[in-house]
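**Student:**
In this note's numbering, the protein residues as written are 209 to 535.
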C-alpha cells in the first residue's frame with residue numbers, strides 16, 4: 209500500500225513534461241540543437257523531481273539520480289530538492305527529507321538544491337513558507353534565485369516582458385538589506401537564457417530593455433545559465449560578453465558560480481571549459497578557486513550589503529583584476 213501511495217503522490221504532484229517544451233512556453237527556437245538541449249534540461253529536472261516524489265527515503269532517489277547523464281545530473285538534483293521541499297512543507301507523512309537529502313549525495317549539489325527549494329516556494333502557498341528550511345545564511349539567497357527563475361519561466365509575459373518586480377517579499381523574514389528583489393532578478397536573468405532560446409544576441413536585447421539598476425543582476429544570472437546549461441558556441445558567448453558592456457564582470461561572476469557548482473558536483477563538461485574561458489578568461493578550476501577565495505563569512509556583510517552580495521562583488525572584482533581590466 210505504501211508503494212502505491214508514493215506512486216499516486218508522484219502522479220498527482222509532478223508537473224507535466226509538456227510544460228517544458230519550447231512550443232508550450234512560447235520561447236523562440238534558435239536551432240534544433242538548442243531546442244533539444246533546453247527541453248532535455250526541463251525533462252531531466254522533472255525526472256529528478258519524480259524520483260524524489262516516488263522515493264521511500266532520499267537514499268532511494270539518490271541511486272537513480274546518480275544514473276543521470278553527467279551533463280544533466282545537476283538539473284535532476286535540483287528537481288529532487290524541489291520535491292523533497294514540497295513533501296516536507298505540505299501536510300504529508302514524513303518530515304525532514306530535504307535535510308537528509310542535503311546531508312547525503314545532495315551536498316555535492318548544494319547550489320542546485322537551494323535553487324530547487326526556490327522552485328518549491330513558487331508552487332507553495334505563502335502561509336507555508338515559514339516551514340521552508342534553508343539553514344545556510346549565505347546560500348539561502350539561491351532560494352530566491354530559484355523562485356525568480358520559476359516565475360520568469362512560467363509567467364514570462366509578466367516577469368520578463370512587463371518587467372514585474374515583487375513590491376514586497378516576506379521571505380526571508382529578516383532582510384535588513386532589502387536584497388530579495390536583487391536575488392530574484394538573478395534568477396530571472398538565468399531563466400531569460402531559456403526564454404531567449406540560448407540566442408545570446410536576443411538575450412542581451414531583452415536585458416537592455418530593463419531599467420539600468422536591474423541589468424547587473426540579470427546579466428549575472430544569464431552568465432550563470434550560459435555556462436551551466438550551455439547552448440551557445442564561442443562566437444555567441446563572446447558576443448554576449450561584449451554586449452554586457454559595463455555589466456561584463458557581473459556576467460563573469462555568474463559564469464564563475466556555474467563553474468564552481470559543476471566542479472563541486474564532478475559534472476564539468478566541455479561547454480563548461482568553453483564558457484568560463486570566454487566569460488572569465490580562465491579555466492573552470494581557476495574560476496572555482498576565485499569563488500573559494502572570495503567566499504566571506506556571513507558576518508562579513510555591512511550596513512549596505514549582505515555577505516552574499518559581498519561574495520558576488522569580490523568574485524567579479526577578482527576576475528576583472530586577473531584579466532587586467534579596469535572596472
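Just so it is clear, CB atoms sit at the ideal spot from N, CA and C, and this is done for glycine as well.
#1: Starting from residue 355, follow the alpha helix (DSSP H) in both directions and report where the run begins and ends.
#2: Please look up how many angstroms separate the CB atoms of residue 294 and residue 331, rounded, as I've assumed it's under 8 Å.
#3: Would you mind giving the Cβ-Cβ distance between residue 466 and residue 435, rounded to the nearest angstrom? I have them listed as a contact below 8 Å.
#4: Rank 503, 369, 433 and 410 by C-alpha distance to the C-alpha of residue 483 and give the top, closest one.
#5: Is it buried or exposed, residue 270, if we count other Cβ atoms within 10 angstroms and call 16 or more buried?
#6: Start and end of the alpha helix (DSSP H) containing residue 367?
#7: The alpha helix (DSSP H) with residue 326 in it runs from where to where?
#8: Quick one: residues in its chain with C-beta nearer than 8 Å to the C-beta of residue 418, no 5 flanking neighbours on either side, listed in chain order?
#9: Expressed to the nearest angstrom, what Euclidean distance is found between the alpha-carbon atoms of residue 347 and residue 516?
#10: Can residue 351 and residue 342 be called in contact, C-beta distance under 8 Å?
#11: State the start and end residues of the unbroken alpha helix (DSSP H) segment that holds residue 479.
#12: Going along the chain, which residues of its own chain have a beta-carbon closer than 8 Å to the beta-carbon of residue 409, five neighbours each way excluded?
#13: Enumerate in chain order the residues of its own chain whose CB-to-CB distance from residue 520 is below 6 Å, with the five nearest sequence positions on each side excluded.
**Tutor:** Quick look at the numbers:
#1: Taking the first residue of the chain shown as position 1, residue 355 is located at position 147. First-last of the alpha helix (DSSP H) with residue 355: 349-362.
#2: To locate residue 294, count along the chain shown from 1; it is residue 86. To locate residue 331, count along the chain shown from 1; it is residue 123. At roughly 7 Å, the Cβ-Cβ gap stays under 8 Å, so residue 294 and residue 331 are in contact.
#3: As a first step, residue 466 is located in the chain shown; it is residue number 258 there, counting from the start. As a first step, residue 435 is located in the chain shown; it is residue number 227 there, counting from the start. Between the beta-carbon of residue 466 and that of residue 435 there is about 4 Å, and that keeps the pair under the 8 Å contact cut.
#4: In the chain shown, counting from the first residue as 1, residue 483 sits at position 275. By alpha-carbon distance to residue 483, the top candidate from 503, 369, 433 and 410 is 433.
#5: To locate residue 270, count along the chain shown from 1; it is residue 62. When all chains shown are included, residue 270 counts as buried.
#6: Counting from one through the chain shown, the residue named residue 367 turns up at place 159. Residue 367 -> no alpha helix (DSSP H), and no H or E assigned at all.
#7: As a first step, residue 326 is located in the chain shown; it is residue number 118 there, counting from the start. Start and end: 318-331.
#8: Along the chain shown, one-based indexing puts residue 418 at 210. Cβ within range, chain order: 371 and 426.
#9: Position 139 of the chain shown, counting from 1, holds the residue named residue 347. Position 308 of the chain shown, counting from 1, holds the residue named residue 516. If you draw a straight line from the Cα of residue 347 to the Cα of residue 516, it comes to about 7 Å.
#10: Within the chain shown, the letter at position 143 stands for residue 351. Within the chain shown, the letter at position 134 stands for residue 342. Contact flag set, yes.
#11: The residue you call residue 479 lines up with position 271 of the chain shown. Counting along the chain, the unbroken alpha helix (DSSP H) around residue 479 starts and ends at 478-488.
#12: Stepping through the chain shown from its first residue, residue 409 is reached at position 201. For residue 409, where only same-chain residues beyond five positions count, the Cβ hits under 8 Å are 444, 447, 448 and 451.
#13: Your numbering for residue 520 matches position 312 in the chain shown. Around residue 520, the same chain offers 461 as residues with beta carbons nearer than 6 Å, after the five sequence neighbours per side are excluded.
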